[in-house]
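Per this note's numbering, the very first residue in the sequence shown carries number 205; after that it's consecutive.
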Amino acid sequence: MLNNWLFKTQGKPDKGGKEMKKVLLQGSLLGTLMLAGVAAYLILFLQDTGKTYAQENPLQIPTLIDSLEADNNIELAIQDGANEFFAGIKSDTKGFGQSYLGPTIRLYKGETTRLTYRNNLTENTTVHGHGLHVSGRVDGGPQGKILAGQSLSVDLPIVQEAGTSWYHPHYMGKTGEQVHAGLAGLYIIEDENSQSLPLPKAYGVDDIPLIIQDRTFVDGKMKPYKVTHRQILDGLVEETLVINGTVNPYHQAPAGWVRLRLLNASNARFYRFFFTDDAPFYKIATEGGFLNKPVAMTSLSMSPGERNEIMVNLADLTSLSLMAEFLPMDPEDQTWFFENPVQRVIDLRVDTSLPANGTLPSKLNDIAYYQQADIDNAVRRDFTMYMEDEDQELHGHNLLSINNVAMQMDVINEQVKQGDMELWMVKGEMMPHPFHVHGVSFQIITHNGQPPAEADRGWKDTLVVTEEPTEILMRFDHLASQEFPYMYHCHIFEHEESGMMGQFTVTQ
Ligand SMILES: [Cu+2]
Numbered sequence: 205m206l207n208n209w210l211f212k213t214q215g216k217p218d219k220g221g222k223e224m225k226k227v228l229l230q231g232s233l234l235g236t237l238m239l240a241g242v243a244a245y246l247i248l249f250l251q252d253t254g255k256t257y258a259q260e261n262p263l264q265i266p267t268l269i270d271s272l273e274a275d276n277n278i279e280l281a282i283q284d285g286a287n288e289f290f291a292g293i294k295s296d297t298k299g300f301g302q303s304y305l306g307p308t309i310r311l312y313k314g315e316t317t318r319l320t321y322r323n324n325l326t327e328n329t330t331v332h333g334h335g336l337h338v339s340g341r342v343d344g345g346p347q348g349k350i351l352a353g354q355s356l357s358v359d360l361p362i363v364q365e366a367g368t369s370w371y372h373p374h375y376m377g378k379t380g381e382q383v384h385a386g387l388a389g390l391y392i393i394e395d396e397n398s399q400s401l402p403l404p405k406a407y408g409v410d411d412i413p414l415i416i417q418d419r420t421f422v423d424g425k426m427k428p429y430k431v432t433h434r435q436i437l438d439g440l441v442e443e444t445l446v447i448n449g450t451v452n453p454y455h456q457a458p459a460g461w462v463r464l465r466l467l468n469a470s471n472a473r474f475y476r477f478f479f480t481d482d483a484p485f486y487k488i489a490t491e492g493g494f495l496n497k498p499v500a501m502t503s504l505s506m507s508p509g510e511r512n513e514i515m516v517n518l519a520d521l522t523s524l525s526l527m528a529e530f531l532p533m534d535p536e537d538q539t540w541f542f543e544n545p546v547q548r549v550i551d552l553r554v555d556t557s558l559p560a561n562g563t564l565p566s567k568l569n570d571i572a573y574y575q576q577a578d579i580d581n582a583v584r585r586d587f588t589m590y591m592e593d594e595d596q597e598l599h600g601h602n603l604l605s606i607n608n609v610a611m612q613m614d615v616i617n618e619q620v621k622q623g624d625m626e627l628w629m630v631k632g633e634m635m636p637h638p639f640h641v642h643g644v645s646f647q648i649i650t651h652n653g654q655p656p657a658e659a660d661r662g663w664k665d666t667l668v669v670t671e672e673p674t675e676i677l678m679r680f681d682h683l684a685s686q687e688f689p690y691m692y693h694c695h696i697f698e699h700e701e702s703g704m705m706g707q708f709t710v711t712q
């Protein structure tokens, strides 16, 4: 925020505003003190401080649709809704067969499930399977349109290992707005491994989905999606956490291990999660599957689009709260005189009458890590997510882009050959950007120039990249035609829709 204000009042900003900050730091002591005073004043005014509500509500658990019980045939209505985030006050929302969000759909490796989407909206949409290893034809990217009033059926053959993925619209120019209105839901993929591990498995009891979003409420009504030019650059960040559509939730959980499936489904906000008293927990899975072993941690940061599964032990406790620190969009905006807002994600309340059946296994998976030969043989591509300053935009340049090329619906930016190893070096300028690739899970080779931490050595499809290069390695096994290409993009929706996205084909 400080940065943004400086941009607006101190002339033409440099690329990233980094130089401006250096100038500030090098100023005279008096000048610095004066500026710090002004900055503190402005931050008090401008920083969204977070708004917490006193009323506590039981966590809403999205309905579970098991694809096998549904004979692999599931129909979802995409509809307008009037959701009550606060009792008796209706907000204009959208949902899949309900007023806000959609059911959790459980899919099984080795099965093919038919999903039929009925678009009852008065506008076009798409439904993207974020994290699914499926062909471009059924991936639901911007080209997979479901016109207003029409239906679309897709067959999803599940060939990937167990994990937590999600679905949401990806219609160019409407993605941020439609997800914000409520169009998002979870896929839980099961396989033999996930079913045989002694993990907590009682959905909504000790296996708890947490779809984490931030929204603004005015007199109890959700503020509809509308972004300013500034918010396109910063991403839309709002003041109140909403978990599975619930404001200020609590959940009754057994006095033992619980498993939390975290999805950051916010438009743009980055969070750092931790438990009260920094209680230790274990990360067991990244987007594309289980880690080999649980990794002990006390803090976990997540950008939009990312999923992680964590486990925490509630034995001997009466309650434990998961908290979220709202991270600044640019870590360099972190100030020593102002702490970031912290809000409770959920209060887990122990109910000893509930059975505690799950445990934390010492071994979870056997990931086939890519080898040096895979790196040596890989096709290399470089991607820089780029933001130009506002003046250039006025001169007709692309404001947001990847490699200085803004997304265009009729342009294929890259062509990949099926089965090739691909090593992508990705950078993000001005601020951290969550980079997402469709149709695949990748492994991190280096992150910010370093080998990945143990907790990141799993299959991923979204990760935060900065000005330091990050290398990801993957192989595309499914096809994506020119008609239905895959996307790579920033998962800050406001960036994605303003050009920070590209299209690629996978052909034989
Ligand atoms: Cu971005």
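Cβ atoms here follow ideal geometry from the backbone N, Cα and C, with glycine treated the same way.
Quick caveat, the model's predicted, so the values are computed rather than measured.
Item, Value
"Three-way DSSP call (helix, strand, coil) for asparagine 512 in this model", "strand"
"C-beta atoms of glycine 460 and leucine 518 nearer than 8 Å", "yes"
"Heavy atom of ligand 1 within 7 Å of isoleucine 696 beta-carbon", "yes"
"Pick from Gly493, Gln435, Lys298 and Ala500 that is closest to glycine 389, judged by C-alpha positions", "Lys298"
"From Pro636, Asp624, Met611 and Glu443, residue whose alpha carbon lies closest to that of glutamate 536", "Pro636"
"Aspartate 704 CB to nearest heavy atom of ligand 1 below 7 Å", "The question names aspartate, but residue 704 in the sequence shown is methionine. Yes."
"Three-state secondary structure assigned by DSSP to leucine 460", "Correcting the residue type first, residue 460 is glycine in the shown sequence and not leucine. DSSP places glycine 460 in coil when its eight states are reduced to three."
"Span separating the alpha-carbon of methionine 691 from that of glycine 492", "17 Å"
"Proline 532 to leucine 272 span [Cα, whole Å]", "43 Å"
"Whole-number beta carbon distance between valine 620 and valine 710, since they are thought to touch under 8 Å", "5 Å"
"Bounding residues of the beta strand (DSSP E) (the contiguous stretch that carries isoleucine 393)", "389 to 394"
"CB contact flag (isoleucine 309, asparagine 328, <8 Å)", "no"
"DSSP three-state assignment for serine 507, whether helix, strand or coil", "coil"
"Three-state secondary structure assigned by DSSP to glycine 703", "coil"
"Alanine 291 - DSSP class collapsed to helix/strand/coil", "coil"
"Coarse secondary structure for glutamine 417, derived from DSSP in three states", "strand"
"heavy atom of ligand 1 below 7 Å from histidine 651 C-beta", "no"
"Endpoints, alpha helix (DSSP H) assigned at valine 383", "379 to 385"
"Cβ-based burial, lysine 430 [other Cβ within 10 Å; buried from 16]", "exposed"
"Methionine 678 beta carbon near ligand 1 (any heavy atom closer than 7 Å)", "no"
"Environment of methionine 613 [buried if 16+ CB atoms lie within 10 Å]", "exposed"
"contact_flag[the region 685 to 703, the region 436 to 448] where n(CB pairs < 8 Å) is 3 or more", "yes"
"Cβ pair valine 446, phenylalanine 289 closer than 8 Å", "yes"
"When Phe688, Phe639 and Pro673 are compared against glycine 653, the one with the closest alpha-carbon", "Pro673"
"Check: methionine 533 C-beta below 7 Å from any heavy atom of ligand 1", "no"
"Bridge-paired residues (DSSP) for asparagine 323", "Ile282"
"Limits of the beta strand (DSSP E) - the one that isoleucine 649 falls within", "647 to 650"
"For lysine 226, three-class secondary structure by DSSP", "Unreliable placement is indicated for lysine 226, whose pLDDT of 36 sits below 50; the coordinate value is still reported in the next sentence. Helix at lysine 226."
"Secondary structure of phenylalanine 639, DSSP reduced to three states", "strand"
"Cβ-Cβ distance between alanine 366 and aspartate 395 below 8 Å", "yes"
"Distance, methionine 634 Cα to lysine 226 Cα", "Any reading at lysine 226 must be qualified, since the residue scores a pLDDT of 36, below 50, and its modelled position is unreliable; the value itself is stated next. Those two C-alpha atoms are separated by around 15 Å."
"Neighbourhood of serine 523 by C-beta distance below 7 Å, restricted to the same chain and skipping five residues each side", "Asp551, Leu552, Arg553 and Val554"
"Any non-hydrogen atom of ligand 1 closer than 7 Å to methionine 589 Cβ", "yes"
"Classification of tyrosine 573 by the beta-carbon crowding that lies within 10 angstroms, buried from 16 upward", "exposed"
"Extent of the continuous beta strand (DSSP E) to which glutamine 547 belongs", "546 to 554"
"Alpha helix (DSSP H) segment containing isoleucine 571, residue limits", "Looking at the DSSP string, isoleucine 571 is not in any alpha helix (DSSP H), and its letter there is neither H nor E."
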